[in-house]
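Take a look at the structure set out below.
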Amino acid sequence: MNIQHNETLREKLASEYVLGTLKDGARRRFESWLNGDAALRRAVAEWQDRLYPLAELAPAAIPSAQVWRAIEKRLNQQETMQQPRWRERLDFWRYLGMASSAVAALLLVVLLVRQPQGDIAAASYVAVLSDNNAQTVMVVTGHPQRHQMTIKMVTPQQLADDKSLELWALPKDDAPRSLGLLAANGVVTLTLPDNMPPNAVPALAVSLEPKGGSPNPNAPSGPVLYKGAWVQI
133 MNIQHNETLR EKLASEYVLG TLKDGARRRF ESWLNGDAAL RRAVAEWQDR
183 LYPLAELAPA AIPSAQVWRA IEKRLNQQET MQQPRWRERL DFWRYLGMAS
233 SAVAALLLVV LLVRQPQGDI AAASYVAVLS DNNAQTVMVV TGHPQRHQMT
283 IKMVTPQQLA DDKSLELWAL PKDDAPRSLG LLAANGVVTL TLPDNMPPNA
333 VPALAVSLEP KGGSPNPNAP SGPVLYKGAW VQI
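First residue of the sequence shown? That's 133 in the numbering used here, and the numbers climb one at a time after it.
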């Protein structure tokens, strides 16, 4: 396979390498290409910068003894083979101890990678919203060029007839802003405001409200059920 002049394929493989979905022989072949391709290594580093912030959404977990033995075995093999230690390997060990919900969050983002190239360029922001048990409930993607937000419910919710789910932006220096109402399952599209970059709005949240939404446009009136960081990809 020649990927030298196929930018779409190179980006796809780099993203899947970082996500861990590139397996066995395909992964080893990709690592052999990294050895002599500085541009491909940069593509991997860029995907790490885009996706690894999502791992911060989950609390750290102590690896089991079995995991540590696997790490030690792999490190010993690497020393024997005297292979270069790429940045992605160092980051792999750093993040291996994260809870499984963080891994699930990263795998969800691969959906962006598998879209047509135009959709990848359009999707600039993402948030993985979780409950208090760090379980992923929904994924929010922002498309500034379309002025749209797409909210996909990963875990369908039971919602009483007299209740609504409401999405909120949580600005750094201002009151919460309602972004609209959500469905208990499926996909919803809302308008993406112009002033929604992550440096101004670092997080999103979802509250349980009376039917039709909070009576206060500047704050939830009910409990906040889900929250997550709003990051640039």
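Quick reminder that beta carbons are idealized off the backbone N, C-alpha and C, glycines included.
Listed as beta-bridge partners of residue 302 by DSSP are 335.
In this structure, DSSP gives residue 361 an extended state, which the three-state scheme calls strand.
Where residue 321 is concerned, there is no enclosing alpha helix (DSSP H), although the beta strand (DSSP E) around it starts and stops at 319-323.
Secondary structure of residue 259 (DSSP, three-state): strand. Taking 8 Å as the cut-off, the beta carbon of residue 332 is found no closer than this to the beta carbon of residue 308.
Between residue 339 and residue 300 a beta carbon distance of about 6 Å is seen, short of the 8 Å cut, so the two are scored as contacting. Residue 295 sits in a strand when the DSSP states are folded into three classes. Around the beta-carbon of residue 174, fewer than 16 other beta-carbon atoms lie within 10 Å, marking it exposed. In this structure, the alpha-carbon of residue 337 lies about 41 Å from that of residue 161. Excluding residues up to 5 positions away in sequence, 256, 324 lie with their Cβ nearer than 7 Å to the Cβ of residue 276 in the same chain. Distances from the CA of residue 147 to each of 273, 159, 137 were compared; the closest alpha carbon is that of 159. Of 298, 140, 290, the smallest CA-CA separation from residue 349 is found for 298. Using a Cβ distance threshold of 8 Å, residue 362 and residue 266 do not count as a contacting pair.
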